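Reading the sequence shown from the start, the letters are residues 587 to 1123 in the numbering used here.
What follows is one structure encoded as structure tokens, with my remarks underneath.
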Amino acid sequence: MPCPLEVPDGLMFGKWKYEMPNGSPVFIAFRSSTKKNVQYDDVPDYKDRLSLSENYTLSIKNARISDEKRFVCMLVTEDDVSEEPTIVKVFKQPSQPEILHQADLLETEKLQMLGECIARDSYPEGNVTWYKNGRVLQPVDDVVVINLQKIVDRTTGLFTMTSSLQYMPTKEDVNAKFSCIVTYYGPSGQKTMQSEPVVFDVHYPTEKVTIQVLPQSSTIKEGDNITLKCSGNGNPPPQEFLFYIPGETEGIRSSDTYVMTDVRRNATGQYRCSLTDKSMMDSTTITVHYLDLQLTPSGEVTKQIGEALPVSCTISSSRNATVFWIKDNTRMQTSPSFSSLQYQDAGNYVCETTLQEVEGLRKRQTLKLIVEGKPQIKMTKKTNTNKMSKTIICHVEGFPKPAVQWTVTGSGSILNKTEETKYVNGKFSSKIVIAPEENVTLTCIAENELERTVTSMNVSAINIPEYDEPEDRSDDNSEKVNDQAKLIVGIVVGLLLVALIAGVVYWLYVKKSNDAKGKSENAAAQNFPSLPRQEKR
587 MPCPLEVPDG LMFGKWKYEM PNGSPVFIAF RSSTKKNVQY DDVPDYKDRL
637 SLSENYTLSI KNARISDEKR FVCMLVTEDD VSEEPTIVKV FKQPSQPEIL
687 HQADLLETEK LQMLGECIAR DSYPEGNVTW YKNGRVLQPV DDVVVINLQK
737 IVDRTTGLFT MTSSLQYMPT KEDVNAKFSC IVTYYGPSGQ KTMQSEPVVF
787 DVHYPTEKVT IQVLPQSSTI KEGDNITLKC SGNGNPPPQE FLFYIPGETE
837 GIRSSDTYVM TDVRRNATGQ YRCSLTDKSM MDSTTITVHY LDLQLTPSGE
887 VTKQIGEALP VSCTISSSRN ATVFWIKDNT RMQTSPSFSS LQYQDAGNYV
937 CETTLQEVEG LRKRQTLKLI VEGKPQIKMT KKTNTNKMSK TIICHVEGFP
987 KPAVQWTVTG SGSILNKTEE TKYVNGKFSS KIVIAPEENV TLTCIAENEL
1037 ERTVTSMNVS AINIPEYDEP EDRSDDNSEK VNDQAKLIVG IVVGLLLVAL
1087 IAGVVYWLYV KKSNDAKGKS ENAAAQNFPS LPRQEKR
């Protein structure tokens, strides 16, 4: 503390003293201006703590609360004594405030002790303020109750501030941060210090029950596993619930989940869950999608060529299904219909259906159609362009594939081995090339498990011209030939009718002429009886 006085001329000595509360002085330090010596009074509170410099500045080490006094600097000359006081203020920053005796949990709608905020060793005394989420908590009757206590240590003179908080929480206080701030004074003015924030576990009752279907898929199909999960919005959440299954009047007590495995279509319906006291309830509707397919007939079916085969693919589903047919791995444009089975109708048929909105729901059934038929033979012949040989072809139909044999009756050499075309749709052909020296008969024999068919054809010698039958005729050509044949038959029949009519007319004419001649002869005989009568032969 510098001496506030200017050092006068003729200074003899300087002194420092402090004043007691009752105003009486206590001298603590003396310094002579001439002898340059310093003396300290025997004052226990300041023993070994004082230092007085040449310019009469007084220093006090290890400041204490008791040092907060009115100190006076005295300068003495022969003629005068000058005094000037210095007021000393002592400050002590408190420890960081902390929240002690914290509640284990908070229950809504209940006023309870949240905790105590304590700031120790402050001087002068400070103040404590409670905060929630950074906002000051103001006292509210029966909701926010704050009690502040300040205790001074008689030995040190330091203050300890303790502020208790009673609080009635709500659901909105979940994750709320509570803290306290101590306000104290220092040499530079007012300051604050904040505690670490504290979050409390807030318990509140369940107000709503919710039921969920897991996994959270938009569609459920037969065979799936379903988990019903029931939850309440209370804290802590309920651990047990009642689950109500369609068709069941009583609830099934379970934890927060109820599992159904391999569900069927009859599991469709409304599901509910409630608290065990049945006070709250929620519901959800589950639709179990299904898809049935019935193919008639199915499996392996064997039919005879020309027979009819009704085929139906019946679908039963929870939604509109898409149906399509596949034959031998190729998608068909229309459904199969067989009024007269042909060999090309044979194959593997698949009726397949899907529910496009339901992933993984697909059904299919297979029909393996076998079309059997006895061997049918048609033989054709043609003279080759070199005029040196003839090709005889045996056109064969039938299933199972017939085995073909050839026989030759007569003289003629077979120029090459029998050749067969590819067997497609129950048809193939076998041909041989022959150079007949004379008229011969060729026989084609086709045989399968159903029957043995034999057909023969006469083939003229190579030097005899004959009609070469085409290997095949189209339906149009066949129709033209049939029309020509009908025309020829009509012409012949017409000519025969004309000839018949002409013959009848001529017969009538001759008969009439003979009758007239007979009558003339009779008349002449009557008129001329003497004439001889001519005999009719």
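Backbone N, C-alpha and C fix where the C-beta goes; we use that ideal spot for every residue, glycine too.
Note that this is a predicted model, so its numbers are computed, not measured.
In this structure, V936 keeps its C-beta atom at 8 Å or more from the C-beta atom of R948. Only exposed fits Y1092, as fewer than 16 other CB atoms lie within 10 angstroms of its CB. Under the three-state reduction of DSSP output, S610 falls in the coil class, being neither helix nor strand.
Cβ contact annotation for T672 (same chain, cutoff 6 Å, sequence separation greater than five): M587, F657, in chain order.
Rounded to whole angstroms, the gap between the alpha carbons of S774 and K675 is 12 Å.
The alpha carbon of G959 has as its nearest neighbour, out of E1035, Y717, N906, the alpha carbon of E1035. For I891, the closest of T741, V667, K913, F985 by C-alpha to C-alpha distance is F985.
Exposed is the label assigned to K633, since fewer than 16 other Cβ atoms lie within 10 Å of its Cβ.
Between T862 and L828 a beta carbon distance of about 6 Å is seen, short of the 8 Å cut, so the two are scored as contacting.
Residue range 1026 to 1033 is occupied by the beta strand (DSSP E) that includes C1030. Non-local C-beta neighbours of N970 in its own chain, meaning closer than 8 Å and more than five positions away in sequence, comprise K976, T977, V1019, ordered along the chain.
Taken in chain order, the segment 739 to 826 contains no complete alpha helix (DSSP H) segment of 4 residues or longer. Here the alpha carbon of K736 sits roughly 19 Å from the alpha carbon of S652. Contact holds between the segment 742 to 752 and the segment 695 to 710, because three or more Cβ pairs, one in each stretch, are under 8 Å apart. By alpha-carbon distance to L691, the top candidate from S645, M754, P883 is M754. Excluding five sequence positions before and after T843, the CB atoms of its chain that fall closer than 6 Å to its own CB belong to T813, K815, given in chain order. Per DSSP, the continuous beta strand (DSSP E) segment holding I646 begins and ends at 644 to 646. Take L638, set aside five residues on each side of it, and the residues of its chain with a beta-carbon closer than 6 Å to its own are A615, R617, V624, L644, in chain order.
A residue is called buried once 16 or more other Cβ atoms fall within 10 Å of its Cβ, and H687, having fewer, is exposed. Three or more beta-carbon pairs drawn from the segment 960 to 968 and the segment 1039 to 1047 are found closer than 8 Å, and the two stretches are therefore classed as touching. In this structure T854 touches T873 by the C-beta definition: roughly 5 Å separates them, less than 8 Å. Here the C-alpha atom of N821 lies approximately 47 Å from the C-alpha atom of G743. Linking N1025 to P922 through their CA atoms gives a straight-line distance of about 50 Å. For T952, the CB contacts under 6 Å within the same chain, skipping 5 residues up- and downstream, are V936 in chain order. Considered as a whole, the segment 693 to 735 harbours 698 to 708, 713 to 718 as its complete beta strand (DSSP E) runs of no fewer than 3 residues, in chain order. Comparing alpha-carbon positions, the option among F599, Q776, V788, K1013 lying closest to K757 turns out to be V788. If you compare the alpha carbons of P832, G885, R850 with that of T870, the shortest gap goes to P832. Cβ contact annotation for E1005 (same chain, cutoff 6 Å, sequence separation greater than five): K1017, in chain order.
For T920, no pairing in a beta bridge is given by DSSP. DSSP lists no bridge partner for F677. Taking a contact to require three or more Cβ pairs closer than 8 Å, the segment 776 to 783 and the segment 724 to 741 do not qualify as touching. Distance between T900 and E943, taken at the CA atoms: about 20 Å. Scanning E1023, G1012, T940 for the CA closest to the CA of M974 turns up E1023.
Taking C-alpha positions only, Q798 is separated from Q856 by approximately 12 Å. Under the criterion of beta carbons closer than 8 Å, V662 and F599 qualify as touching, at roughly 6 Å.
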